[in-house]
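Heads up: take any position in the sequence shown, counting from 1, add 1, and you land on our numbering.
Where a beta carbon is used, it is the ideal one built from N, C-alpha and C, also for glycine.
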Amino acid sequence: MLGLPALTEVCKQLPKKSVYTKFDLKQAQRDHFDEDVARLNIVNVISSTTIPALAKGEGVECVYVIEVLLKKRDYDPNNILLLTKLIPQKMVIALHFGNEIKLAVERTKLFFSNWQNEDDCKLSLQGLNLDTIWDNLAIAIGNINIEDGKTLEQQIQTDDAKASILKQIQRLESKARNERQPRKKLEYFEELKKLKSSLGSSLKGI
């Protein structure tokens, strides 16, 4: 699956009921999860055992690929986030609906790829150890652009901070457009100037 080496392939169902029982999910959580998810399968195990040329990482010894067979395309992302909390492993989630696949990975938050035809959806293993491979999988799935000198975690923090400031800018611009009092409008413009300046300066240090 996903163009990964044949030696990584496994075919092991992960019964939803056992997951529910192990983590003592409430009935409402079970019902909501069941609305979206038909079945869970472990389809690949990426490790130094399945790929001898790979070295273990300092923090990562194994990456699982979990296939999530969806009942509907418009699933609730919170169910996928719940899955990452219930299974405390490094894993790539392959959301499968019909003949399409969408990949997801959790790195402080969920990152998603776009939907692709299942025949076109491929994962490339880049790196000589599992730490590097794990980072590069997240970069590829989340389409994350790493700036020079930054780690993946630093880049995620920077991108989140920028996104937060952009939302503040959008809210202030809307308020400024609708504000009729000149003094208040000027205050909004001054705040906007500071926020826009911070995008190109202070965030460089994050």
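Tell me which same chain residues have a C-beta within less than 6 Å of the C-beta of residue i, skipping the five on either side of it?
{"i": "C63", "result": "S48"}
{"i": "Q14", "result": "N42"}
{"i": "N80", "result": "F34, D37"}
{"i": "G58", "result": "N130, L131, D132"}
{"i": "V61", "result": "K91, L131, D132, W135"}
Could you check which residue in the options has the C-alpha nearest to that of residue i?
{"i": "L111", "options": "K123, Q127, G143", "result": "G143"}
{"i": "L131", "options": "I170, A54, K23, R108", "result": "A54"}
{"i": "I43", "options": "H33, R74, P16", "result": "P16"}
{"i": "L87", "options": "T159, T51, A141, S19", "result": "S19"}
{"i": "L193", "options": "Q182, R181, K168", "result": "K168"}
{"i": "V93", "options": "I157, L126, L200", "result": "L126"}
{"i": "G99", "options": "V11, L83, P89, Q117", "result": "Q117"}
{"i": "V106", "options": "E68, E119, K57", "result": "E68"}
{"i": "D121", "options": "R178, T22, H97", "result": "H97"}
{"i": "P89", "options": "P6, E119, R108, D160", "result": "R108"}
In or out: residue i buried (at least 16 other Cβ within 10 Å) or exposed?
{"i": "T152", "result": "exposed"}
{"i": "I102", "result": "buried"}
{"i": "L124", "result": "buried"}
{"i": "G4", "result": "exposed"}
{"i": "L84", "result": "buried"}
{"i": "L187", "result": "exposed"}
If you follow the alpha helix (DSSP H) that residue i is part of, which residue opens it and which one closes it?
{"i": "S1", "result": "The question about residue 1 has no answer, for the chain in this structure spans 2 to 207."}
{"i": "L153", "result": "153 to 179"}
{"i": "L84", "result": "78 to 87"}
{"i": "I147", "result": "It is not in any alpha helix (DSSP H) - I147 carries neither H nor E in the DSSP assignment."}
{"i": "A29", "result": "28 to 37"}
To the nearest angstrom, report how far apart residue i and residue j are at their CA atoms.
{"i": "S165", "j": "V66", "result": "31 Å"}
{"i": "E174", "j": "A162", "result": "18 Å"}
{"i": "V38", "j": "L71", "result": "5 Å"}
{"i": "D136", "j": "S114", "result": "15 Å"}
{"i": "V11", "j": "A29", "result": "31 Å"}
{"i": "Y21", "j": "K91", "result": "20 Å"}
{"i": "M2", "j": "A141", "result": "17 Å"}
{"i": "Q182", "j": "Q158", "result": "37 Å"}
{"i": "R172", "j": "E180", "result": "12 Å"}
{"i": "E119", "j": "K73", "result": "16 Å"}
{"i": "L104", "j": "Y76", "result": "13 Å"}
{"i": "K27", "j": "A139", "result": "31 Å"}
Cutting at 7 Å between CB atoms, please list the residues of its own chain near residue i, excluding the five before and the five after it.
{"i": "Q156", "result": "I145, I147, E148"}
{"i": "F24", "result": "L87"}
{"i": "T51", "result": "L8, T9"}
{"i": "G128", "result": "I134, N137"}
{"i": "K197", "result": "I170"}
{"i": "P6", "result": "I52"}
Starting from the C-beta of residue i, find all residues in its chain whose C-beta is less than 8 Å away, skip the five residues before and the five after it, and write them out in chain order.
{"i": "S199", "result": "I166"}
{"i": "K176", "result": "Y189"}
Specify, as a first and last residue, the run of the beta strand (DSSP E) that residue i falls within.
{"i": "A105", "result": "101 to 107"}
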